[in-house]
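Only one structure is covered here, and it is reproduced in the block below.
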Amino acid sequence: MEKLPLMKATDIHKWYGKIHAVNGVSFTINRGEILGLIGDNGAGKSSLLKVLSGYHHQDKGEIFIEGEKVKITSPADARALGIETVYQERALVDSMSLARNFYMGREPVGRAGFLNKRKMAECIDVLKKIGLSINSPNYLVSNLSGGQRQGVAIGRAMYFKAKLVLLDEPAASLSVKEVHRVLDLVMEFKEANISVIFITHNLQHVYDIADRFLVLENGEKVKDIEKDATSVEELTKAVMGEINA
Amino acid sequence: MNKQNSQEIVNIKNKNVFSRIGAVREIIIFGLVVALFIVFFFTTKGIMFSQEALKIIFVAVSELGLVAIGITMLIISGEFDLSVGSISAMGALVAAKLYQLGLNPFLALVIALIVGIVLGGFNGFITVKFNVPSFIVTLATMIGYRGLIYVITEGIPIGFRVVDTHPAFRKFLTGELGVIPVPFIWLVIATIILILILNFRRFGNHVYAVGGNKETARAMGINTDKIKIICFMTLGMLSALVGVMRVSRVRSFHSLQGEGIALLAIAAAVIGGTLLKGGVGTILGAVLGTLVIILIEYGLIMSGVGAYMYNLVLGAVIIVVVILNNVIEQRRK
Chain A
119 MEKLPLMKAT DIHKWYGKIH AVNGVSFTIN RGEILGLIGD NGAGKSSLLK VLSGYHHQDK
179 GEIFIEGEKV KITSPADARA LGIETVYQER ALVDSMSLAR NFYMGREPVG RAGFLNKRKM
239 AECIDVLKKI GLSINSPNYL VSNLSGGQRQ GVAIGRAMYF KAKLVLLDEP AASLSVKEVH
299 RVLDLVMEFK EANISVIFIT HNLQHVYDIA DRFLVLENGE KVKDIEKDAT SVEELTKAVM
359 GEINA
Chain B
78 MNKQNSQEIV NIKNKNVFSR IGAVREIIIF GLVVALFIVF FFTTKGIMFS QEALKIIFVA
138 VSELGLVAIG ITMLIISGEF DLSVGSISAM GALVAAKLYQ LGLNPFLALV IALIVGIVLG
198 GFNGFITVKF NVPSFIVTLA TMIGYRGLIY VITEGIPIGF RVVDTHPAFR KFLTGELGVI
258 PVPFIWLVIA TIILILILNF RRFGNHVYAV GGNKETARAM GINTDKIKII CFMTLGMLSA
318 LVGVMRVSRV RSFHSLQGEG IALLAIAAAV IGGTLLKGGV GTILGAVLGT LVIILIEYGL
378 IMSGVGAYMY NLVLGAVIIV VVILNNVIEQ RRK
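Those sequence lines, one after another, are chains A and B.
Just so you know, we're using the numbering used here here: the first sequence kicks off at 119 and counts up by one.
Just so you know, we're using the numbering used here here: the second sequence kicks off at 78 and counts up by one.
If you want it as structure tokens, here you go:
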């Protein structure tokens, strides 16, 4: 028997004024699957991501999670549904401490609604498990490197038991070594049966780890293919818009 | 930070003393306050430490401080309010007018506070819903609210002699508890409440997040508009409270009441280490900043240097402190 996909999106449309940023994209993603969402700049990847993460509501189309139709109208909705987004630039607030960032929007509270600071210190242990050892929960995150910041955001998604993690260009502006760290962390999601949509314009970053690829061009889906059935060359051509030409 | 070959473990050591002692700014400003006390003790030949003088100073500290802590929370959230002087005057006017019409002053105070919340909320609503910089919005309402006051009063002062009819009210707002002026007790209470909210409540975490990086805060599911509007409303309420305090202390409402308080409150916030870009600042810093401003004002007057020196000295102090804050910020990184 065919199991229900974790998420199914059908005929998603998004307009910004007269620009048709996402044009009738449909896709599914299964549990523990890593989906590479690729396309050139302006292909509609970010717009699709913004719809899934609740930043913008789609103008048309439906989203189902485990067979149930859902309405995602705000980032808070998306988080409540188990969709966690790891943004490249916006992952953390620089001027705040590690613990305050880690629990942002989901702060644990104890008696009379006061923050449970002991619980908030646990983020240190969570990060240690994924190989990021920081000695104080009060550490200012502006002192962390790009890769470490991604690590914190990824640890946060794991800790809060996300079902689906959206990674927005996670490898951009990282050193080569740090890219490998982040890719290792993404594989940990897979082991934990968490689904990942990995958004990038750089096929090299995602080819090794992805199970399937979705290629967008001018807001439309031009390819939806298992890794076993394709090759780097074919995908590159699709991204360059040379497919079916 | 150590960059050894760290395939698995990234070990971060906190070597920098500036990032370890989070309260370094407060300590420096506290030192400045102590220094001012010592200097003025000698230049005023001890007058400044007479009970009468201290009372006057602490009433002034309380009135400016209540606005300064409110404006600090708003600046941390990434916004700005120039209209607090006008809101404060509007609160005073509402209380005085209602009292003149025969309303119980306690009830008049409650209504004045609600008016403060509404006017602050209007600033916030226009700012977040129409995406106009709060500097512009509150510049307009600073002028507009004050204009409304002139329209209502036509410039004629309104008496507020609660001391004759309701001595309990005056005691409650501007009396003395033993040797301590009641306004100072209000400042202490409000300071403790805001410190608890900003440091130990979810809302406080969201205020810092919204001011630090609005887009990140939104992505983390925080309703950024709501947070900002609540900060505007809190400031509006505190401003109105100060307005009513002042009118019951001086016993008469004048249309110019509260003019100039916004810039002084912002100065207190800045001296206390609040960054105008948002996301960074403390309530305790704002109280200390208020102390610095008031001590300079009264210290110079009581030293016989003359009131004209005050603005010059204050301006210089603000510049020095801000440069110092920048140095600390650089060292932190």
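Glycine residues also receive a C-beta, built at the ideal position from the N, C-alpha and C atoms.
Membership of B/ILE270 in the alpha helix (DSSP H) is indicated by the continuous run 259-277. Listed by position along chain A, the residues whose Cβ is nearer than 9 Å to that of B/ILE299 are PRO193, ALA194, MET222 and GLY223. For B/ASN290, same chain residues with a beta-carbon under 8 Å away, outside a window of 5 residues either side, are GLY356 in chain order. Within chain A, GLY231, PHE232 and LEU233 have C-beta atoms less than 7 Å from the C-beta of B/ARG278, given in sequence order.
A direct Cα-Cα distance of roughly 16 Å separates B/SER139 from B/ALA166. Contact check for B/ALA342 and B/VAL144: beta-carbon distance about 4 Å, within the 8 Å limit, so the pair qualifies.
For B/SER160, there is no enclosing beta strand (DSSP E), since its DSSP letter is neither H nor E.
Of the residues A/VAL204, A/GLY200, A/VAL143 and A/SER192, the one whose Cα lies closest to the Cα of A/LYS178 is A/VAL143. A/LEU292 sits away from A/VAL259, with the two beta carbons spaced by 7 Å or more. Using a CB distance cut-off of 7 Å, A/ARG236 does not count as an interface residue toward chain B. DSSP places A/VAL143 in the strand class (E or B) of the three-state scheme.
At a cut-off of 7 Å between C-beta atoms, B/VAL101 does not count as an interface residue with respect to chain A.
Counting the other Cβ atoms within 10 Å of the Cβ of B/PRO258 gives 16 or more, which makes it buried. Contact between the segment 234-247 of chain B and the segment 320-335 of chain B is present, with at least three C-beta pairs closer than 8 Å. Close to B/ARG295, with beta-carbon spacing below 7 Å, are these residues of chain A in chain order: PRO193. Taking the CA atoms as reference points, B/PHE309 sits about 22 Å from B/LEU365.
DSSP, reduced to helix, strand and coil, places A/SER260 within a helical segment of the structure shown.
Shown here, A/MET125 sits in a strand according to DSSP, grouped into three states. Annotation for A/THR128: SER144, GLY179 and GLU180 place their beta carbon closer than 7 Å to its own, counting only its chain and skipping 5 residues before and after. For A/GLU335, the uninterrupted beta strand (DSSP E) segment begins and ends at 330-335. Segment contact: the segment 265-277 of chain A against the segment 188-198 of chain A, fewer than three CB-CB distances shorter than 8 Å; contact not assigned.
Secondary structure of A/HIS298 (DSSP, three-state): helix. Between B/ILE188 and A/ARG218, the alpha-carbon positions lie close to 37 Å from each other. In this structure, DSSP gives B/ILE235 an extended state, which the three-state scheme calls strand.
When Cβ-Cβ separations below 7 Å define contact, B/GLU156 makes no contact with chain A.
Residue-level contact check: A/MET214 touches chain B, since one or more beta carbons of chain B fall below 7 Å from its beta carbon.
A straight-line Cα-Cα distance of about 20 Å links B/LYS206 and B/TYR285. Look at A/TYR134 here: in three-state DSSP terms it is strand. Check the Cα spacing between A/MET276 and each of A/ARG236, A/GLY337 and A/TYR221: the tightest is with A/TYR221. Cβ neighbours of B/ARG102 within its own chain (closer than 8 Å, five residues either side excluded): GLY349, GLY350, THR359, GLY362, ASN402 and ILE405. Counting along the chain, A/SER164 sits inside the alpha helix (DSSP H) bounded by residues 163-170.
Minimum Cα-Cα distance from B/LEU250 among the listed residues B/LEU190, B/SER380, B/ARG326 and B/ILE270 corresponds to B/ARG326. Residue-level contact by beta carbon holds for A/ARG208 and chain B, with a gap shorter than 7 Å. In terms of CA proximity to A/LEU170, A/LEU199 leads the group A/GLY185, A/LEU199, A/PRO255 and A/ASP243.
As computed with DSSP, A/LYS341 is found in a beta bridge with A/VAL333.
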